[in-house]
Structures are given as structure tokens and as C-alpha cells.
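For reference, the structure is listed below as C-alpha cells.
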Amino acid sequence: MYRAGQVVWQVLAALKEKVQPGVSTMDLEVFAAGRTAELGARPAFKGYLGFPCVLCTSINEEVVHGIPSAARKIREGDIVSIDFGVELGGYYGDAAVTVPAGKVAPETESLLQVTRESLDRAIDKVRPGNRLSDVSHAVESWVVQHGFTVVREFVGHGIGTRMHEEPQLPNYGEPGRGPRLQPGMVLAIEPMVNAGAAGVVVLGDKWTAVTADRSRSAHFEHTVAVTENGPWILTRPREMAGPSW
Ligand code: MG
């Protein structure tokens with residue numbers, strides 16, 4: 000799973016640099032497809048339940064599952080969420096990052112920071128003996144105390160030889176519930192946080208989820224293993240320390 004995770008990392012790290020005004024989300028898609036092939040992995044999203052692309056690219060009020068398009072050009076001040084997964088040697092990795100294009104408004108900067116921090120705090124709960132909902136609660140409590148809201152329609156998940164495995168991992172809930180975390184478990188932790196109200200709706204393309212009030216939304220994700228020594232983020236280099244994104 001670490002090998003799969005490193006492919007996810009390499010592609011997303013390169014994509015972060017490519018998010019600039021004037022670039023289309025299809026430009027990102029084409030790069031990701033080519034780089035994934037070079038690295039010998041199989042994109043996990045393309046064809047999954049009929050999804051047409053390698054990446055999910057979701058801009059501003061789009062929460063998740065946006066479809067790359069040559070017509071959709073990134074503009075100064077946008078935030079671009081890129082969600083990406085691969086399968087390599089029968090194992091999956093899955094991660095997401097939200098990237099600002101040029102200079103963004105202070106509230107948008109805060110939305111990104113709080114969402115990333117909520118992921119950091121959730122990852123810190125990935126320790127043997129903690130319960131699953133301790134991870135959920137770490138996200139929600141941090142988000143709510145900063146005045147933002149957590150999306151409830153989409154959740155994190157177990158991951159391994161399939162992209163989506165049990166258990167589901169909501170980004171909300173009371174602590175102390177659900178299964179105890181044990182070494183060897185792997186979770187895709189993915190807070191989705193709205194600047195306005197929590198509700199989302201799915202557009203006519205049947206994929207793109209947007210905030211119901213069209214406020215902006217951010218999404219950060221890593222694939223994280225439970226070890227005896229605590230969390231191991233599989234979707235970045237092992238030697239990397241500090242904030243998760
Ligand atoms: Mg995921």
C-alpha cells in the first residue's frame with residue numbers, strides 16, 4: 000500500500016504546482032493520466048461506477064467528484080480540489096488536496112487552513128486503542144469551532160485491496176464510538192468542509208457535488224495506516240514530517 004501511496008503522492012505533488020490561472024482541469028487530467036502510466040500504476044477512479052476520468056477536480060463551490068473539462072479554466076482566486084487514487088500490485092492509495100490559484104481571499108485561506116488542520120488532528124487520532132469515531136470527532140470539533148461546517152453526505156473509508164472498504168468514516172460524531180483501531184488497519188481520512196451551510200446537492204451531470212448555498216468547500220485526504228507507533232501516512236514519503244499537506 001505504501002508503493003501505491005507514493006504514486007498518488009508523486010502525481011498530486013506535481014499537480015499542486017500546475018494549478019495556475021489559465022490552466023484547464025483537463026490539462027491536469029492529461030498530466031495525471033500520463034504520469035500514472037509512467038509510474039506503472041492503474042488509475043483507480045476512471046471507470047469506477049462509470050466515472051469518466053482519472054482525477055476528480057472540484058473548483059470553489061464544488062465539493063467533490065467534479066469532472067475534468069477542457070472548457071473549465073482555472074481563474075485567479077479559485078480553489079481547486081484534486082482527488083486521486085491508484086491501484087498498484089493489487090493495493091490502493093487515495094488522497095486529495097485543495098490548492099489555491101494565485102491569491103485567494105482571507106476567508107478562503109482560512110477555510111483551506113482549517114480543513115487541512117482538521118485532517119492533521121484526525122490523523123493524530125490514528126493510534127491503537129482509540130475508537131473510529133475519535134477520528135471523526137477530531138475533524139468536526141476543529142471545523143465547528145472555526146465557524147465552518149462538515150459535509151455529511153460523503154465520508155472517509157477503509158482502504159486496502161479495494162478502494163472503498165469497511166468501515167465508513169464520517170467527518171462528524173461523538174468520540175468513543177465504533178471499532179477500536181488496531182495495527183494493520185488502513186483508513187482514507189478525508190474531511191470535506193464548507194464555508195457556509197453543510198448541505199450539498201448533485202448537479203445534472205450526476206457526479207459534481209456542490210454546496211447547496213454555493214459557498215466554497217475544501218477537501219484534504221490521506222491514506223493512513225494504524226501502527227503500534229501511531230499513524231503512518233502512506234500517501235506521502237515516510238521521512239516527511241510536519242503538517243499532512
Ligand atoms: Mg477517498
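The letter at position 62 of the sequence shown is residue 61 when you use numbering that gives the first Met the number 0, and the numbering goes up by one with no holes. C-beta: ideal position from N, C-alpha, C; glycine also.
Residue 15 sits in a helix when the DSSP states are folded into three classes.
With the rule of 3 Cβ pairs closer than 8 angstroms, the segment 140-154 counts as touching the segment 180-198. Assigned with DSSP and collapsed to three states, residue 218 falls in strand. DSSP places residue 30 inside the alpha helix (DSSP H), whose first and last residues are 24-37. In this structure, residue 156 has its beta carbon less than 7 angstroms from a heavy atom of the ligand MG.
Assignment of alpha helix (DSSP H) within the segment 94-142, counting only whole runs of 4 or more residues, yields 105-123 in chain order. A direct Cα-to-Cα measurement between residue 28 and residue 66 gives close to 9 angstroms.
Taken through DSSP and simplified to helix, strand or coil, residue 186 comes out as strand.
The DSSP-derived three-state label of residue 167 is strand. With 16 or more other Cβ atoms inside 10 Å of its own Cβ, residue 82 counts as buried. Here the distance from the Cβ of residue 189 to the nearest heavy atom of the ligand MG is below 7 angstroms. Assignment of residue 224 by DSSP, reduced to helix, strand and coil, places it in the strand class. Secondary structure of residue 196 (DSSP, three-state): coil.
In this structure, the CA atom of residue 96 is about 27 angstroms from the CA atom of residue 227.
With distances taken between CA atoms, residue 206 lies nearest to 63 out of 198, 63, 14. At a threshold of 7 angstroms, residue 123 does not count as near the ligand MG, since its beta carbon sits no closer than that to any of the ligand's heavy atoms. With at least 16 other beta carbons inside 10 angstroms of its own, residue 194 counts as buried. Residue 56 and residue 175 have their alpha carbons spaced roughly 34 angstroms apart. If you draw a straight line from the Cα of residue 238 to the Cα of residue 93, it is about 19 angstroms long. Put simply, of 112, 160, 76, 119 the residue whose alpha carbon is nearest the alpha carbon of residue 240 is 119.
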